[in-house]
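The structure under discussion appears below in the form of structure tokens.
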Amino acid sequence: MYASAISFPRNNPRVFLAAAAVLWLAVYRTLEPLSHKLVSLLPIAPGSQSYDALQFFLYDTPKVLLLLTGVVFVMGMINSYFTPERTRALLSGRHEGVGNVMAATLGIVTPFCSCSAVPLFIGFVQAGVPLGVTFSFLISAPMVNEIALALLFALFGWKIALLYLVLGLTIAIVAGYIIGRLKMEHHLEDWVQKMTHVQATVGADELTLPDRIAAGFASVREIVGRVWLYVLAGIAIGAGIHGYVPQDFMAGFMGKDVWWAVPVSVLIGVPMYTNAAGIIPIVEALLAKGAALGTVLAFMMSVIALSLPEIVILRKVLKPTLIATFIGVVSLGIMAVGFVFNMVV
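My numbering puts the sequence shown at residues -9 to 335.
In structure tokens, the structure reads:
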């Protein structure tokens, strides 16, 4: 029986996908009433701070993990069409402008994490991808990734998700273009500058649907297995904010009328180490408590796009001046987004 269950996705891939989608949706719809039922069984007064915080945690934990698993599985299948080799081949020889737009767009659907920053960067440089185009990809891939967009859509609706998509792509395109126009290739580490350029090529795609389903499962094991602790930590922080932080306090600290809230949020976000799945529950709680949308978006973008581990890893291939330029340009773009949306939303 176990062997049959294991072989079912490979022998009946379309039936498996349909059944998995129905089961996923059925489980998702039970989460909110189940969380209320579980909390009601505890000796906690309904409507109290502890009740609200615990209900938030018991609801958001399975909800975010279920969303994360579904999104990662689907994108793992899609990512099987966009290998790093294929991405390099698509961007090789592209000029600035069009290349920045292509690189930022490809960043949405290309598998990427901070640990792969150096191999990807080196591969792009060897393939002759311009420096500014490379940075558009490196900014877009972690910030405007499929997990962030799917979770934003599920939790806040299509308007917020679309807003984040447009803003993230704009920052990636403009920041990459500016870095490219500054002509800072001489600020690459010497050993990177001396690398021999190679022709970027990609072989024929021979993967079948069962192979892509296997790729989806592999993505779930790798990504969810790596980030679930950050998700729990983010939801726990969000639950604390949701249950115990007064709304007036958060509105006064991160409200749209507080001029220094945006730059402070960016400064706090840069050294933090988490990911979209871990930060979005905190974003959800902050918005519910009256924090301004622009300030919260700036905080989220700085956490994801300028993570300290990625900066440390990139130091292997970039000199300090180029790293500082990268951080400065992206930070200014993020702060501009925060200020504009606090003024118009």
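Yeah, the Cβ is synthetic: ideal placement off N, Cα and C, and Gly gets one too. Owing to the predicted nature of the structure, the values given are computational and were not obtained by experimental measurement.
For Tyr71, there is no enclosing alpha helix (DSSP H), as DSSP gives it neither H nor E. Under the DSSP definition of a beta bridge, Leu178 partners with Leu308. Scanning its chain for C-beta atoms nearer than 8 Å, with the 5 sequence neighbours on each side dropped, one finds around Val221 the residues Thr51, Val54, Leu55, Leu58, Ala267, Gly268 and Pro271, in chain order. Ranked by Cα distance from Val327, the first of Pro236, Ala223 and Val164 is Val164. In this structure, Asn332 sits near Gly284, with a CB-CB distance shorter than 8 Å. In this structure Val61 touches Ala140 by the C-beta definition: roughly 4 Å separates them, less than 8 Å. Just so you know, the alpha carbons of Ala205 and Tyr71 end up roughly 10 Å apart. Nearest to Glu179 by C-alpha distance, out of Phe46, Pro132, Leu308 and Val29, is Leu308. Minimum Cα-Cα distance from Leu276 among the listed residues Thr315, Phe316 and Ile231 corresponds to Ile231. When the five nearest sequence neighbours on each side are left out, the beta carbons in the same chain lying within less than 6 Å of the beta carbon of Thr311 are those of His177, in order along the chain. Apart from the 5 residues on each side of it in sequence, Glu136 sits with its Cβ closer than 7 Å to the Cβ of Val61, Met65, Ile98 and Val99 in its chain, given in chain order.
Of all alpha-carbon atoms in Ala43, Ala282 and Ala9, the one lying nearest the alpha-carbon of Ile227 is that of Ala43. The Cβ atoms of Leu159 and Ala94 sit closer than 8 Å to each other.
Of the residues assessed, Glu22 falls on the exposed side of the cut-off, its CB having fewer than 16 other CB atoms within 10 angstroms. Contact check for Val210 against Phe329 fails: the beta carbons are separated by 8 Å or more. Between the beta-carbon of Ser25 and that of Tyr41 there is about 11 Å, and that puts the pair past the 8 Å contact cut.
Spatial neighbours of Ala35 in its own chain (CB-CB distance under 7 Å, excluding positions within 5 residues in sequence) are listed in chain order as Tyr41. Residue environment analysis places Leu128 among the buried positions, since at least 16 neighbouring C-beta atoms fall within 10 angstroms of its C-beta. By the 16-neighbour rule on beta-carbons within 10 angstroms, Glu274 is buried. The C-alpha of Leu96 is placed about 32 Å away from the C-alpha of Val17.
Assignment of Thr160 by DSSP, reduced to helix, strand and coil, places it in the helix class.
In the structure shown, the three-state DSSP call for Asn2 is coil. Take the alpha-carbon of Leu257 and the one of Val5: they are about 49 Å apart.
Leaving aside the five residues that flank Leu157 on each side, the residues in its chain whose CB is nearer than 6 Å to its CB run, in chain order, Val327. In the DSSP annotation of this structure, the continuous segment of the alpha helix (DSSP H) that includes Ala251 starts and ends at Ala251 to Gly259. The Cβ atoms of Met325 and Ala282 do not sit closer than 8 Å to each other. Residue Gly170 holds the alpha-carbon nearest to the alpha-carbon of Gly122 among Gln116, Gly170 and Met92. Distance from Gln39 to Gly233 at the Cβ level is roughly 5 Å; contact confirmed, criterion being Cβ atoms closer than 8 Å. At a Cβ-Cβ threshold of 8 Å, Ile303 and Met133 do not count as neighbours.
Judged by DSSP secondary structure, Ser130 falls within the alpha helix (DSSP H) whose first and last residues are Leu121 to Met133.
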